[in-house]
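The sequence shown begins at 2 in our numbering and counts up one residue at a time.
Below is one structure, written out as structure tokens; the observations come after it.
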Amino acid sequence: MAVSILGVSFSDRTMDETVALLVRAVEDGRTVHVVTANPEIVMQARRNPDYAAAVRGADLIVPDGVGILIGARLLGRAIPERVAGYDLLHRLMAEADRRRWRVFLLGATPEANEGALRALQRQYPGAVYVGHHHGYFGPDEEEAVVRRIEDARPHLLFVSLGVPRQELFIARHKHRFTGVCMGTGGSFDVLAGKVKRAPLLWQRLGLEWLYRLIQEPWRWRRMLDLPRFLWAVVRQRVGVNKL
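Rendered as structure tokens:
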């Protein structure tokens with residue numbers, strides 16, 4: 002069952018169940034828009050109606066962030082585990098490697114895009130890399146980029162354009178694609194070695210956000226969304242209790 006947090010319906014599937022669901026969708030020729038949502042994304046959706054429509058219109062919203070699990074518990078609901086976007090990307094790439102799926106990478110700087118492509122080619126040589134394009138394109142160039150993706154017919158389209166741009170891009174064009182379309186945030190920078198991911202212990206302790214803040218202190222204003230999110234969830238819980 003979905004767990005509704007501040008108007009966003011999160012999947013309560015485990016990582017394994019999520020991967021199995023997406024494999025079936027790809028094999029059946031369906032299109033699935035996946036949003037890997039953390040508290041920052043939920044709060045962005047509350048401030049931006051267009052972004053909210055894009056997120057809520059997704060086919061699958063997975064809990065990428067320990068704050069989402071805490072929010073669910075505050076509401077008396079259970080989400081079994083975090084389904085981190087970076088980890089889901091790798092799980093899907095492992096399937097692409099085995100099944101010879103077609104993959105397209107969109108987003109990040111030209112350098113990070115190329116670096117991410119090379120890293121995935123080394124790790125998953127069985128996948129078929131049908132195209133890639135950096136994220137530095139304007140509205141007048143968007144149609145040409147979409148046409149390239151459409152012609153490439155990827156089973157997996159990873160979009161690292163940042164929030165809210167990546168979800169808005171997918172929402173506008175997913176009717177022209179088939180397969181999994183997933184916003185992947187800063188994953189290309191990590192794959193390219195430009196940004197280090199938090200060590201496993203930090204991830205297990207739910208402190209990946211703090212590790213990222215240490216690396217990128219300019220993000221501190223965005224991190225304020227976490228306490229705002231938790232306060233909004235508490236208010237939702239009080240409202241539920243009054244019903």
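The C-beta atom is built at its ideal place from N, Cα and C for all residues, glycine as well.
H133 is bridged by DSSP to L106.
The C-alpha of H91 lies about 25 Å from the C-alpha of H176. Of all alpha-carbon atoms in A59, V24, T19 and V63, the one lying nearest the alpha-carbon of T37 is that of V63. Per DSSP, L157 is one residue of the beta strand (DSSP E) stretching across L157 to S161. Annotation for M94: the continuous alpha helix (DSSP H) segment containing it runs G86 to R100. Using a 10 angstroms sphere on the CB of E28, the tally of other CB atoms stays under 16, which defines it as exposed.
The criterion of a C-beta distance shorter than 8 Å is satisfied by V4 and I80.
In the same chain as Q122, and ignoring 5 residues on each side of it, the C-beta atoms closer than 7 Å to its own belong to Y130, in chain order.
In this structure, the beta-carbon distance from V24 to E96 falls below 8 Å. In this structure, M94 is the residue among M94, G77 and G132 with its C-alpha nearest to the C-alpha of Q124. Taking the CA atoms as reference points, G77 sits about 9 Å from R238.
A residue is called buried when at least 16 other Cβ atoms come within 10 angstroms of its Cβ; G8 does not meet this threshold and is exposed. In the three-state reduction of the DSSP assignment, P64 falls in the strand class. Excluding its 5 nearest sequence neighbours in each direction, L118 has C-beta neighbours in its own chain below 7 Å: L106, Y130 and H133, listed in chain order. Taking the Cα of T110 as reference, the smallest distance to any Cα among M16, S188, T19 and V234 is reached at S188.
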